[in-house]
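Only one structure is covered here, and it is reproduced in the block below.
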DNA sequence: GAAAGTAGGCGAAACGATTCGACTCGCTAC
DNA sequence: GTAGCGAGTCGAATCGTTTCGCCTACTTTC
């Protein structure tokens with residue numbers, strides 16, 4: 208069921224069929240219709256491999272996701288889903304690669320075998336081997352998150368520093384004087400994970416500027432860790448009346464620990480974070496949070512990448528998302544000191 | 208950077224390079240090493256499109272996931288992740304397609320363009336157009352879930368009927384006499400979604416056999432729906448003392464509504480469900496549930512599919528997962544009637 | 001009415017791999 | 001001494017497209 212068969216049955220040459228399909232040269236309306244009729248009847252679609260070979264492009268994008276030993280966060284999940292749909296809208300296929308490093312098997316397969324026209328990389332570290340690898344290969348890519356020197360590359364990112372700054376300001380405005388930051392895990396920070404570093408910096412700056420006292424805690428990405436982390440905070444820093452966090456996965460545990468400690472939210476304790484909107488709304492009370500626009504981000508990443516694929520010499524585009532804080536029900540005035 | 212370049216630089220023909228790489232014919236150790244040295248130096252990897260064209264197979268699997276307007280459940284997410292890793296282990300690439308129907312663009316692209324050697328289909332309906340389409344095309348596939356007549360096809364599924372049966376039995380053993388089933392959404396049931404239908408049947412059979420009273424409620428896949436659903440149950444059926452559910456996403460709302468109604472779990476009310484283990488453990492108290500083995504399922508699906516791709520004439524394999532119920536802290540003896 | 005242009009079509013050469021048949025050695029067996 | 005065989009290699013065909021150059025008619029233009 209190839210183009211030759213279509214050509215034979217419609218009594219024209221293979222090239223005519225090709226031109227009828229692509230429209231790159233004139234084909235008389237009569238033959239075009241004849242060809243189309245045969246194609247419809249036989250349900251022909253050009254073979255992707257042959258086309259890729261000839262054209263030198265695969266019409267496929269790659270999405271490099273972190274291997275799931277560490278579970279995906281809701282934000283990441285939403286992002287993956289939105290990339291999938293954006294690629295679909297652009298009539299591009301999406302190849303998934305679970306890789307953290309440039310030597311991982313699937314990364315090697317996809318990049319070495321030239322299976323994709325461009326790549327979207329998630330979970331970028333400040334110093335990321337995949338980025339340097341791809342730069343050497345002149346394979347277009349967009350990173351979600353920035354490396355330490357992001358000037359020449361194409362990226363989108365969430366401005367965690369500013370978001371945490373806003374959370375701190377919001378809490379300080381409400382009268383809180385002792386605020387804790389629940390960051391991501393210590394390993395993640397040690398591995399140079401940008402958002403965790405930038406949240407840390409934003410927090411330090413904000414508490415300094417507002418003259419409030421801030422303490423930072425690292426916390427693994429799950430509810431149990433969130434629970435023990437809050438217990439630890441309450442024990443070591445009983446003066447703390449508000450928490451801000453970028454650790455989505457810890458939220459259920461944070462909430463539970465506060466509840467168990469009898470600290471009603473928001474009357475006795477406030478929580479303000481950065482999270483996917485859906486996730487923030489699952490909480491009780493619903494979480495005052497900067498809603499990370501994962502869906503927009505996915506669409507933007509695909510847009511940037513497509514642009515880069517079609518015109519590799521265009522200056523790389525970059526976008527920093529700074530979503531506003533949605534005021535919900537988890538923050539309130541600081542309780543009167545006892 | 209193609210095989211011809213490698214051949215030129217190592218002073219042999221292209222075919223010799225190919226044989227040196229594949230080992231399908233003898234190549235003297237000396238030339239093999241010479242070729243390998245050139246390859247290592249230049250970092251050559253065979254072009255996937257050319258290879259696919261010649262070999263007639265793409266070394267790629269397709270995973271058809273439901274479009275995300277309706278959000279993926281945790282179980283589905285875990286499944287996708289595990290398929291991704293299993294494919295990677297088998298040295299196969301994974302193409303993602305967000306399609307519900309056989310006419311969806313990406314389904315058409317992937318299937319029509321012969322981009323994959325086989326497909327894994329999620330969210331199978333009892334009567335699914337994609338299945339009939341693929342059967343006509345002789346393209347290997349594995350379904351997650353079964354159609355109404357699954358005899359000739361290759362599938363894996365979770366035995367929701369039996370699991371709900373076990374939940375009901377567990378609750379009945381604890382003395383509960385009025386049990387509610389919180390099923391998935393009414394639309395899903397109307398569209399012929401197997402798990403929801405089979406849960407319904409399993410529930411009906413089990414309550415009949417145990418002689419307890421059962422009521423079934425449909426519920427959309429989110430916390431808010433779960434909350435109102437429980438409120439409705441408590442209003443319309445105040446005699447109910449236990450809930451069983453396959454609706455993962457509703458769990459936070461179920462829990463919250465019971466809490467707000469002052470019904471302590473498990474002292475005053477019991478909940479037993481079917482859920483991803485991680486999700487079940489996030490609850491408070493942790494949920495007594497049949498832990499759906501999403502990771503095993505992903506690996507099995509890939510195994511079955513690979514087997515079918517390599518030997519299309521082998522009888523199609525099938526597997527019904529019946530995970531045991533993990534007793535956690537959300538079920539207890541029925542409260543004494545007031 | 002010849003030159004020039006255009007619409008419509010065809011054939012063949014790519015793209016980069018794999019694989020089949022054929023060829024040349026050197027060795028063994030009779 | 002020659003037939004047979006296996007190891008090692010090469011050339012050419014092939015997979016299914018796209019695209020370039022060329023060719024033929026037919027129209028237009030002066």
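Residue numbers (this note's numbering), protein chains in the order written: chain A, 208 to 545; chain B, 208 to 545.
The C-beta atom is built at its ideal place from N, Cα and C for all residues, glycine as well.
Keep in mind it's a predicted model, so treat the numbers as computed, not measured.
### Query
How about residue 284 of chain A: is its C-beta nearer than 7 angstroms to some C-beta of chain B?
yes
### Query
What's the call for residue 254 of chain A, buried or exposed, on a 16-neighbour Cβ count within 10 Å?
buried
### Query
Is there at least one Cβ from chain A nearer than 7 angstroms to residue 292 of chain B's Cβ?
yes
### Beta-bridge pairing of residue 349 of chain A - partner residues as DSSP gives them
A/327
### Message
Distance cutoff 7 angstroms, beta carbons only. Does residue 471 of chain B sit that close to anything in chain A?
### Response
no
### Message
Which residues in chain B have a C-beta closer than 8 angstroms to the C-beta of residue 491 of chain A? List them in chain order.
### Response
459 and 463
### Between the CA atoms of residue 532 of chain B and residue 403 of chain B - distance to the nearest angstrom
19 angstroms
### Message
Using a Cβ distance threshold of 8 angstroms, determine whether the segment 527 to 544 of chain B contacts the segment 372 to 379 of chain B, with at least three qualifying pairs required.
### Response
yes
### Task
Locate the beta strand (DSSP E) running through residue 491 of chain B, then write down its first and last residues.
Note, residue 491 of chain B: premise wrong, no beta strand (DSSP E); not H, not E.
### Task
Pull out every residue of the segment 423 to 434 of chain A whose Cβ sits closer than 7 angstroms to any Cβ of chain B, in chain order.
430
### Query
Between the Cα of residue 498 of chain B and the Cα atoms of B/446, B/286, B/299 and B/407, which residue gives the shortest distance?
B/286
### Message
Buried or exposed for residue 355 of chain A, going by 16 or more other Cβ atoms inside 10 Å?
### Response
exposed
### Query
Of the choices B/529, B/256 and B/474, whose alpha-carbon is the least far from that of residue 626 of chain B?
Residue 626 of chain B is absent from the model: chain B starts at 208 and stops at 545.
### Query
Of the residues that make up the segment 302 to 328 of chain B, which ones have a beta carbon closer than 9 angstroms to any beta carbon in chain A?
302, 303, 304, 305, 306, 311, 312, 313, 315, 316, 317, 318, 319, 320, 321 and 322
### Query
Going by C-alpha distance, which of A/483, A/267, A/463 and A/357 is nearest residue 256 of chain B?
A/267
### Query
Under 7 angstroms between the Cβ atoms of residue 496 of chain B and residue 482 of chain B?
yes
### Task
Find the nearest neighbour of residue 424 of chain B within the set B/388, B/446, B/414 and B/441, judged by alpha-carbon distance.
B/388
### Message
Using a Cβ-Cβ cutoff of less than 8 angstroms, which residues in the same chain neighbour residue 431 of chain B once the five nearest sequence positions on both sides are dropped?
### Response
460
### Query
Below 8 angstroms, can you find three or more Cβ-Cβ pairs linking the segment 290 to 306 of chain B to the segment 338 to 349 of chain A?
no
### Query
Taking the alpha carbon of residue 395 of chain B as the point to measure from, which residue in B/358, B/325 and B/330 has its own alpha carbon closest?
B/330
### Task
Tell me whether the beta-carbon of residue 288 of chain B lies closer than 7 angstroms to the beta-carbon of residue 275 of chain A.
yes
### Query
Buried or exposed: which applies to residue 300 of chain A, given that a residue is buried once 16 or more other Cβ atoms fall within 10 Å of its Cβ?
buried
#### Entry: Span of the alpha helix (DSSP H), counted from its first residue to its last, around residue 305 of chain A
Segment 300 to 305 is the beta strand (DSSP E) holding residue 305 of chain A; no alpha helix (DSSP H) there.
### Query
Between residue 390 of chain A and chain B, is there a C-beta pair that is closer than 7 angstroms?
no
### Query
When we look at the beta-carbon of residue 208 of chain B and count the other beta-carbons within 10 Å, is it buried (16 or more) or exposed?
exposed
### Message
Going by beta-carbon coordinates alone, are residue 245 of chain A and residue 264 of chain A separated by less than 7 angstroms?
### Response
no
### Task
Kindly indicate which residue of B/489, B/239 and B/440 has the alpha-carbon position closest to the one of residue 458 of chain B.
B/489
### Residue interval of the beta strand (DSSP E) (run including residue 448 of chain B)
Residue 448 of chain B -> no beta strand (DSSP E), and no H or E assigned at all.
### Query
Taking Cβ positions only, does residue 260 of chain A come closer than 7 angstroms to chain B?
yes
### Query
Which residues of chain A have a Cβ atom closer than 7 angstroms to the Cβ of residue 468 of chain B, listed in chain order?
Residues of chain A passing the Cβ test: none, with the nearest at roughly 14 angstroms.
### Query
Based on the DSSP secondary-structure assignment, which residues constitute the bridge partners of residue 335 of chain A?
None, per the DSSP bridge assignment.
### Task
Identify, in the order they occur along the chain, each residue of the same chain with its Cβ nearer than 8 angstroms to the Cβ of residue 407 of chain A, setting aside the five sequence neighbours on each side.
388, 390, 396 and 423
### Task
State yes or no: is the C-beta of residue 511 of chain B within less than 7 angstroms of the C-beta of residue 365 of chain B?
no
### Message
For a cutoff of 7 angstroms on Cβ pairs, would you count residue 275 of chain B as touching chain A?
### Response
yes
### Query
Counting only runs that start and end within the segment 342 to 428 of chain A, where is the alpha helix (DSSP H) found for 4 or more residues in a row?
367 to 380, 393 to 397 and 401 to 417
### Task
Would you mind reading off the limits of the beta strand (DSSP E) that contains residue 220 of chain B?
No beta strand (DSSP E) holds residue 220 of chain B; DSSP gives it neither H nor E.
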